[in-house]
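Going by the numbering used here, 196 is the number at position 196 of the sequence shown; the sequence numbering is gapless.
Heads up, the beta-carbon is just placed ideally off N, CA and C, and yes, glycines get one too.
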Amino acid sequence: KDAGTIAGMNVARIINEPTAAAIAYGLDKKDSSAGERNVLIFDLGGGTFDVSLLTIEEGIFEVKSTNGDTHLGGEDFDNRLVNHFVQEFKRKNKKDITGSARALRRLRTACERAKRTLSSTAQTSIEIDSLFEGIDFYSSITRARFEELNMDMFRRCMDPVEKCLRDAKFDKASVHDVVLVGGSTRIPKIQTLLQDFFNGKELCKSINPDEAVAY
1 KDAGTIAGMN
11 VARIINEPTA
21 AAIAYGLDKK
31 DSSAGERNVL
41 IFDLGGGTFD
51 VSLLTIEEGI
61 FEVKSTNGDT
71 HLGGEDFDNR
81 LVNHFVQEFK
91 RKNKKDITGS
101 ARALRRLRTA
111 CERAKRTLSS
121 TAQTSIEIDS
131 LFEGIDFYSS
141 ITRARFEELN
151 MDMFRRCMDP
161 VEKCLRDAKF
171 DKASVHDVVL
181 VGGSTRIPKI
191 QTLLQDFFNG
201 KELCKSINPD
211 EAVAY
């Protein structure tokens with residue numbers, strides 16, 4: 001709040017991130033026959049993962065339960081890709097690049113870009129000139145392979161969702177809205193797993209997920 005005041009903003013109230021995400025989607029304005037909306041916020045960022053269950057009634061938000069994994073996020077998915085290509089480079093060139101911080105940094109940047117691209121296409125290529133000891137590295141990866149490399153972690157994302165519901169003593173059928181926040185929620189397989197968990201429910205993902213909280 002101080003930061004806002006210093007910046008010359010009149011800070012009416014500081015709201016927590018899950019509430020901010022729900023407001024960004026206008027869920028506080030939606031009518032629910034029961035008078036109360038139950039909203040699950042699924043926030044998967046670069047380094048952390050948070051799940052919150054809130055109820056909204058007449059514009060009043062109440063956080064019922066929170067869960068998450070402080071060691072799960074987009075960077076972990078990047079790591080799997082990096083390791084995959086390190087092994088491939090080793091197979092092709094009989095050389096290990098893990099001793100070179102510069103080579104790993106360049107590979108990581110390319111992997112991060114590939115991951116983002118695979119959210120909208122089925123296959124992408126990686127091209128890095130002179131990656132290590134003057135050797136160019138060209139390769140490609142499919143979305144299916146990317147999913148395979150990360151599937152255990154994608155599935156792990158569902159555990160905090162179940163715990164959150166259990167802690168609040170909610171049945172998943174009683175959740176009205178499932179809101180996606182954080183860049184990693186763009187990954188199609190994560191959306192599919194979440195949608196399947198909620199029996200095909202449409203997910204709220206119309207807003208740029210990276211910006212939902214700072215809306």
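The C-alpha of Ser119 lies about 11 Å from the C-alpha of Glu112. Across the set Thr121, Asp136, Ile190, the C-alpha of Asp136 shows the shortest separation from the C-alpha of Lys92.
Taking a cut-off of 8 Å on C-beta distances, the region 61 to 69 touches the region 164 to 175, as three or more cross pairs fall below it. The Cβ-Cβ distance between Val51 and Pro188 does not fall below 7 Å.
For Ala168 against Leu53, the beta-carbon gap comes to about 5 Å, under 8 Å, which counts as contact.
Counting only runs of at least 3 residues, the region 82 to 165 fully encloses the following beta strand (DSSP E) elements, listed from N- to C-terminal order: 123 to 132, 135 to 142.
Using a 10 angstroms sphere on the CB of Lys115, the tally of other CB atoms reaches 16 or more, which defines it as buried.
Just so you know, the alpha carbons of Thr98 and Thr109 end up roughly 15 Å apart. Here the alpha carbons of Lys95 and Val179 stand approximately 44 Å from one another.
The shortest C-alpha to C-alpha distance from Asp129 to any of Tyr138, Ala122, Thr121, Glu88 is the one to Tyr138. Assignment of Gly68 by DSSP, reduced to helix, strand and coil, places it in the strand class.
By the Cβ-count criterion, Gly47 is exposed, with fewer than 16 other Cβ atoms from all chains shown falling within 10 Å of its own Cβ.
Three or more pairs of CB atoms, one per stretch, sit closer than 8 Å, so the region 79 to 86 contacts the region 138 to 156. Contact check for Asp177 and Val39: beta-carbon distance about 5 Å, within the 8 Å limit, so the pair qualifies. Bridge pairing for Leu54: Val39, Val63 [DSSP].
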